[in-house]
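Have a look at the structure below before the remarks.
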Amino acid sequence: MLYCCVKSGNADKAAALFDMIPKKDVVSWAIMVDGYAKIGKIDIARRYFDDMPARDVISCNAIMAGYVKNGHCLEALKVFHDMLRGSSLAPDSTTTLLALSAVAELGYIDEGIALHCYIEENGFLVAGKLGVALIDMYAKCGSVDSAMGVFNDIQEKNVDHWNAMIGGLAIHGFGDVAFELFMEMERLSLDIDDITFIAVLNACAHSGLVKEGMICFEIMRRAHRMEPKLQHYGCMVDILSRAGHVEEAIKFVDEMPIHPNDVVWRTLLSSCRNQENVHIGDPTDKQLVGLNSHNSSSYVLLSNIYAQFGKWDYVRRVRTIMKEKDLKKTVGSSRIELQGIVHEFSVGDKSHDQ
178 MLYCCVKSGN
188 ADKAAALFDM
198 IPKKDVVSWA
208 IMVDGYAKIG
218 KIDIARRYFD
228 DMPARDVISC
238 NAIMAGYVKN
248 GHCLEALKVF
258 HDMLRGSSLA
268 PDSTTTLLAL
278 SAVAELGYID
288 EGIALHCYIE
298 ENGFLVAGKL
308 GVALIDMYAK
318 CGSVDSAMGV
328 FNDIQEKNVD
338 HWNAMIGGLA
348 IHGFGDVAFE
358 LFMEMERLSL
368 DIDDITFIAV
378 LNACAHSGLV
388 KEGMICFEIM
398 RRAHRMEPKL
408 QHYGCMVDIL
418 SRAGHVEEAI
428 KFVDEMPIHP
438 NDVVWRTLLS
448 SCRNQENVHI
458 GDPTDKQLVG
468 LNSHNSSSYV
478 LLSNIYAQFG
488 KWDYVRRVRT
498 IMKEKDLKKT
508 VGSSRIELQG
518 IVHEFSVGDK
528 SHDQ
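Spelled out as structure tokens, the structure:
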């Protein structure tokens with residue numbers, strides 16, 4: 178009953194039931210930690226975790242998963258290191274996956290290398306999800322060669338390994354290598370899914386490979402008879418826009434069988450910054466910011482473009498629209514590593530003495 182309450186999202190009822198249990202075992206404690214972590218109430222989950230008379234790997238994994246999901250990756254790694262320092266709890270494959278996810282989000286390469294060594298020294302099989310996580314971690318930490326090394330060492334690769342490697346190459350601008358990897362999948366007649374096409378199209382966009390992007394899009398439609406999703410159309414708009422083919426991108430959007438969302442329109446708007454000959458209409462046109470968009474970034478981008486082209490009347494209109502919708506510009510943040518510790522700062526933050 179406790180598990181059912183937590184699974185249905187009724188945390189308050191679960192808490193009441195938990196308090197009624199005379200002798201709480203480790204499973205009931207773990208259920209509470211997992212339940213509150215999954216609904217985003219990570220502080221409450223942590224209180225249950227700290228109050229546990231005895232912890233198990235499942236409860237540690239639950240709190241780590243909650244931290245990673247809610248963007249508290251440093252806290253997730255602290256839990257992992259606490260497990261390593263203790264003698265009673267040994268991390269399992271799920272623990273290492275969560276630790277790798279945290280490292281990938283932080284971009285902390287030294288921690289990632291140490292974690293990879295731990296995985297190999299403790300006999301974890303680098304395949305399946307663990308192989309994907311290692312490829313993803315190295316790519317996000319900027320070590321594409323290490324990611325490729327892990328990829329090449331995996332004997333029985335599945336589509337997720339290929340997707341992770343293509344995606345890793347994409348974020349670092351190695352579109353040509355990503356395209357070659359995709360074509361290798363084709364030659365080997367491997368199973369290819371919609372994520373594969375998102376990854377390779379994204380790679381083509383970041384490297385200005387218009388022709389290759391068109392080839393991949395047609396392979397998807399004709400060879401694999403897969404119906405492109407909005408993300409695939411968005412990638413094609415990005416490919417055309419980044420290459421300066423803005424008019425073609427606009428035409429592509431007009432002919433899309435799927436209604437474009439605000440992400441597609443923001444992609445087009447971004448390309449207009451360096452295309453002064455492109456006509457940008459009245460900001461009250463909902464197409465420019467996406468229907469019913471409540472994302473401030475669309476409006477901020479549009480305002481900046483109008484300002485760049487000296488259309489100050491339109492700038493004022495955009496600001497009026499934002500005020501009416503009670504939209505505020507999202508505060509930017511960044512992370513830096515100082516003496517082995519990762520610090521996060523927001524714009525204007527003076528909390529650190531350096």
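The sequence shown begins at 178 in our numbering and counts up by one.
Beta carbons are placed, not taken as given, at the ideal position from N, Cα and C, and that holds for glycine.
Using a Cβ distance threshold of 8 Å, C237 and Y244 do not count as a contacting pair. Counting of Cβ neighbours within 10 angstroms places I375 among the buried residues, the total reaching 16 or more.
The three-state secondary structure of Q332, taken from DSSP, is coil. Per the Cβ contact rule, the stretch 380-387 is in contact with the stretch 419-428 (3 or more Cβ pairs under 8 Å). In the structure shown, R402 falls within a coil segment according to DSSP collapsed to helix, strand and coil. Rounded to the nearest whole angstrom, the CA to CA distance from I286 to V492 is 42 Å.
In this structure, the beta-carbon distance from M397 to M391 does not fall below 8 Å. Spatial neighbours of F429 in its own chain (CB-CB distance under 7 Å, excluding positions within 5 residues in sequence) are listed in chain order as M413, V414, L417. For D353, the uninterrupted alpha helix (DSSP H) segment begins and ends at 352-364. Uninterrupted alpha helix (DSSP H) stretches at least 4 residues long and entirely within the stretch 236-264 occur at 250-262, given in chain order. Taking C-beta atoms as the reference points, G308 and I343 fail to come closer than 8 Å. Contact between I372 and N340 holds: their C-beta atoms lie close to 5 Å from each other, under 8 Å. Taking C-alpha positions only, P437 is separated from V256 by approximately 42 Å. In the structure shown, the three-state DSSP call for M209 is helix. Annotated three-state conformation of N481 is helix, per DSSP. Remark: C-beta atoms of A281 and M325 do not approach each other more closely than 8 Å. Counting along the chain, D370 sits inside no alpha helix (DSSP H), nor does DSSP assign it H or E at all. Residue nearest to S205 within the set P230, K218, Y410 is P230 (criterion: CA-CA distance). Restricting attention to A214, D202, Q408, N329, the CA atom closest to the CA of A188 is found in A214. DSSP places L194 in the helix class (H, G or I) of the three-state scheme. Of L479, F195, R399, A426, the smallest CA-CA separation from G411 is found for A426. DSSP places C294 in the helix class (H, G or I) of the three-state scheme. In the three-state scheme derived from DSSP, where H, G and I count as helix and E and B as strand, F394 is classed as helix.
DSSP places F429 inside the alpha helix (DSSP H), whose first and last residues are 423-431.
Excluding the 5 residues flanking it on each side, I296 has same chain C-beta neighbours closer than 8 Å at T273, V303, L307, L311, in chain order. Rounded to whole angstroms, the gap between the alpha carbons of K246 and I216 is 10 Å. In the same chain as C318, and ignoring 5 residues on each side of it, the C-beta atoms closer than 6 Å to its own belong to G284, I286, G289, in chain order.
DSSP places H436 in no alpha helix (DSSP H); its state is neither H nor E.
For H349, the three-state secondary structure derived from DSSP is coil. Pairing L386 with Q408, the inter-Cα distance amounts to about 18 Å. With a threshold of 16 other beta carbon atoms within 10 Å, E395 falls short and is exposed. Scanning its chain for C-beta atoms nearer than 7 Å, with the 5 sequence neighbours on each side dropped, one finds around R223 the residues I240, in chain order.
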